[in-house]
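What follows is a short report on a single structure.
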Amino acid sequence: MLLADRMIAVFIMVLSVYFMWHAIALPIGWNGMTGGPGGGAFPFWLSAIMFVCAGGVLTRSIRGKSSYSGAGTFFDPETLSWVISVTVALVVTIALMPWAGTYIALPLFMFWYLKIFGKHGWVLTASLCLTTPVFLFFFFEVTLKILLPKGLTEPFFIPLYARFF
Amino acid sequence: MELLGHLAEGFSTSLSPLNLFIVILGVTAGLFIGAMPGLGSVNGVAIVLPMTFIVPPSSAIILLCAIYYGAMYGGAISSILLGIPGASTAVATTFDGRPMAQQGKAGLALIVAAVASFIGGTISVILFTLFAAPLADVALAFGPAEEFALVLLAFTTFVGLGGDDVLKTIIMICLGLALSTVGLDLISGQPRLIFFDEPGFYSGISFLVLAIGIYGVGEILYTIETSKSAPSVTPARLTFRDLWYGIKEVNKLWKTLSFGSFMGFFVGMLPAAGATPAALMSYGLSKLMSKKPETFGKGNIEGVASPETANNAASTGSLLPMLTLGIPGSPTTALLLGGMVMWGLVPGPMLFIEQPDFVWGLISSLYTANLAAVLVNLALIPLFVWALRMPFTVLCSLVLVLCIVGGFAPSQKMHDVWLIVGFGVVGYLMRKADYPMAPLVLALVLGPLMEKSFRQTLISEQGNVLAFIERPLSATFIALSAVFFLLPLLKYAKRAKRSEGVAGEPAE
């Protein structure tokens, strides 16, 4: 728990330095001509405050005055494996979307989630995997005219476009 | 009288068949979302927002408000039937709702919760109607200096009253504000914070992306670990006799309920407080004022009714500063604000002058939403009992799919979908380490306004920083902000002094 708290504090400190490094591309000081701060001032000084506060969290944790008692672990192994597998599945699905198309990627994700991760029966899995894409197609593409990425499957949709648009 | 005229005109908008249908649809969806453990009004609004493009902007806002209302009612359902709060706002409802369900009085508890919610909702909507126009009139005098001071005040309430770790709260506020500056500089138009030279960052980070990331993906990751074992649903039977008895019982409690409504409304207006503390405070107070405080926590009807009135009143209360001042009173209203800006309906006093049809239509729709919520709630209780048996993995997979597609839809860029997953995972980890999420979302939504008003003031005053304290209203806000900001320091100093006083003994 303490280790995780410190790691997150360090991560925030690194992040704020990264923000500050980006912000100095624009003037961060007082702009005498127009009055008021330059374009980089807001992100720069806010990141500076963030850096100081994260430093405070870190030192507090090292000096043992953290709000954490240190008892308990941040993750138990079982939860961690669940969270990681869901995250990986999400990343794979999104990576697949522009290439294989939404209507391949999302049903695959749902199949994995329901059948393999959730250990549900075939009937439930199949019915949800089939009805969800149909709903998405009619809701987003037909009604809202928002085209979802199709990738390789684009040619299969041309007859559908002709029918509904 | 002018007020009644406005309201009557509003009803002519909100009672149109489309809007009436939308209100019923919204409260039903909200009730389901609220009833699902782990999902509350803020999650519902974040996930549904991208889908509201299907209706005209004014109806979309009415839909989102109806979801907000429905979710407030729905939270009580799982508090009573599962013993798990459906949303954090319904925590206090479990204290007496769960014991009642275990005594076989689940149906009565649900009825009391619904009726009490209705009372809280109605009293607070009336208060809302009375306060909205005068507050907007005051806000008309606001210049950029006052706007800046007010946003600052909103953030300092998190530091002073939020109850979370002060350092972590400040980090989240600054992170949200820094993320809001990504894109193009407001004044000079130069690009800034374009991470990795990704072209996607030129258009900035949308509040919706952050909200779907944190309240959609992050929430699901968070609930995956808390929902290891499937909870048992207590069956609820509903009879007309129970309904009649419930209404009669609630009728006896008018004193605590009206008190809870008033308090909830005003607590709800504060950005850092909101429905959860309002409900807890109301529960505590009704226990304090009760003649039989020992029955609380053992299935007292009053213990269900008082937090439910307060959390519904608070949700209406948090809409008031959002609509009249443009400063949201809760994360959910921050999303509503973001949505309204997206549709070109910028909240604030000018909205009352430029779009009176919309404003009064929305206010009157709160009355219909409230009525619809209580009726749908009571009518669909058997359906909720059934829906709560739905396996959690089914709900999760559907929510995640909606997050992906809903994140893609508004901008139609895969860049945003990647950001959603990133925010989801980071948000989940930070939430586990006790970093509060509400200030982050509020900061991202209010960031552009804060920077713009700050720099506008300085430009028009030729760089005179004292401009913020030379105007009386803005000076008041700044002074209040200073008080809130110093509150935690004072508490710390007090504690340090006390531990010195009892030297030798460990502090606390």
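Going down the list, the protein sequences come from chains A and B.
For what it's worth, the numbering used here labels the leading residue of the first sequence as 1380, then goes sequentially.
For what it's worth, the numbering used here labels the leading residue of the second sequence as 184, then goes sequentially.
From the three backbone atoms N, C-alpha and C, an ideal C-beta is built for every residue, glycine too.
* **CA-to-CA distance, residue 576 of chain B to residue 487 of chain B, given in whole angstroms** => Those two C-alpha atoms are separated by around 30 Å.
* C-alpha gap between residue 561 of chain B and residue 634 of chain B, whole angstroms -> Going from the Cα of residue 561 of chain B to the Cα of residue 634 of chain B covers about 46 Å.
* Counting only beta-carbon atoms, is residue 1492 of chain A nearer than 8 Å to chain B? -> yes
* Scan the region 1423 to 1446 of chain A for residues whose Cβ lies nearer than 7 Å to a Cβ of chain B and list them as they occur along the chain. => 1425, 1426, 1428, 1429, 1432, 1433, 1435, 1436 and 1446
* Contacts of residue 604 of chain B in chain A (Cβ-Cβ under 8 Å) -> Going along chain A in sequence order, the residues near residue 604 of chain B (Cβ under 8 Å) are 1466, 1469, 1470 and 1473.
* Checking contacts by CB at 8 Å: is residue 237 of chain B closer than that to chain A? -> Put simply, the CB of residue 237 of chain B is near chain A, with a gap under 8 Å to one of its CB atoms.
* To the nearest angstrom, report how far apart residue 383 of chain B and residue 367 of chain B are at their CA atoms. => 12 Å
* Asked: Quick one: which chain A residues come within Cβ less than 8 Å of residue 597 of chain B?
  -> 1473, 1476, 1477 and 1528
* Where does residue 280 of chain B fall in DSSP's three states? -> helix
* **Cβ shell of residue 617 of chain B (< 8 Å), same chain only, five flanking positions each side left out** => 347, 348 and 351
* To do: Name the one or two DSSP bridge partners that residue 366 of chain B has.
  => B:375
* C-alpha distance - residue 568 of chain B paired with residue 257 of chain B, whole-angstrom precision -> 12 Å
* Asked: CB residue 447 of chain B to CB residue 280 of chain B, shorter than 8 Å?
  -> No.
* To do: Could you check if residue 1399 of chain A is buried or exposed, using at least 16 other CB atoms within 10 Å of its CB as the buried criterion?
  => buried
* Under 8 Å between C-beta atoms, does residue 1505 of chain A make it to chain B? -> no
* To do: Compare the C-alpha of residue 494 of chain B against each of B:506, B:459 and B:585 and name the closest.
  => B:459
* **Residues, ordered as in the chain, of the region 337 to 368 of chain B that lie near chain A by beta-carbon distance below 7 Å** => 348, 350, 351, 353, 354, 357, 358, 360, 361, 364 and 368
* Reduced DSSP secondary structure (H/G/I, E/B, other) of residue 1400 of chain A -> helix
* Asked: Name the chain B residues that come within less than 7 Å of residue 1489 of chain A, Cβ to Cβ?
  -> 580 and 584
* Beta carbon of residue 519 of chain B, beta carbon of residue 542 of chain B: below 8 Å? -> Going by C-beta atoms, residue 519 of chain B is not nearer than 8 Å to residue 542 of chain B.
* Asked: residue 1409 of chain A by DSSP, collapsed to three states: which one?
  -> It is a strand residue.
* Residues within the region 612 to 637 of chain B neighbouring chain A, beta-carbon criterion of under 8 Å -> 612, 613, 615, 616, 617, 618, 634 and 637
* To do: Give the straight-line distance between the Cα atoms of residue 1466 of chain A and residue 516 of chain B, rounded to the nearest whole angstrom.
  => 29 Å
* Distance between residue 590 of chain B and residue 1489 of chain A (C-alpha atoms, nearest Å) -> 17 Å
* **Any C-beta of chain B under 8 Å from that of residue 1461 of chain A** => yes
* Say whether the region 588 to 606 of chain B touches the region 395 to 407 of chain B, bearing in mind that this needs 3 or more beta-carbon pairs closer than 8 Å, one atom from each stretch. => yes
* To do: Report yes if the C-beta distance between residue 612 of chain B and residue 1441 of chain A is below 8 Å; otherwise report no.
  => no
* With DSSP as the reference, please indicate the residues paired to residue 1416 of chain A in a beta bridge. => A:1409
* Asked: Roughly how many angstroms lie between the CA atoms of residue 223 of chain B and residue 477 of chain B, to the nearest whole one?
  -> 31 Å
* Asked: Closer than 9 Å, Cβ to any Cβ of chain A: which residues of the region 558 to 579 of chain B, in chain order?
  -> 574, 575, 576, 577 and 579
* Hey, does residue 1510 of chain A have any beta-carbon neighbour from chain B nearer than 8 Å? -> So no, residue 1510 of chain A is outside the interface.
* **Cβ-Cβ distance between residue 245 of chain B and residue 205 of chain B below 8 Å** => With respect to the 8 Å criterion, residue 245 of chain B and residue 205 of chain B are classified as neighbours on the basis of their beta carbons.
* To do: Could you tell me which chain A residues have their CB closer than 8 Å to the CB of residue 376 of chain B, listed as they occur along the chain?
  => Neighbours of residue 376 of chain B across chain A, judged by C-beta separation under 8 Å: 1398, 1401, 1402 and 1422.
* Out of curiosity, what's the CA-to-CA distance linking residue 252 of chain B and residue 1406 of chain A? -> 46 Å
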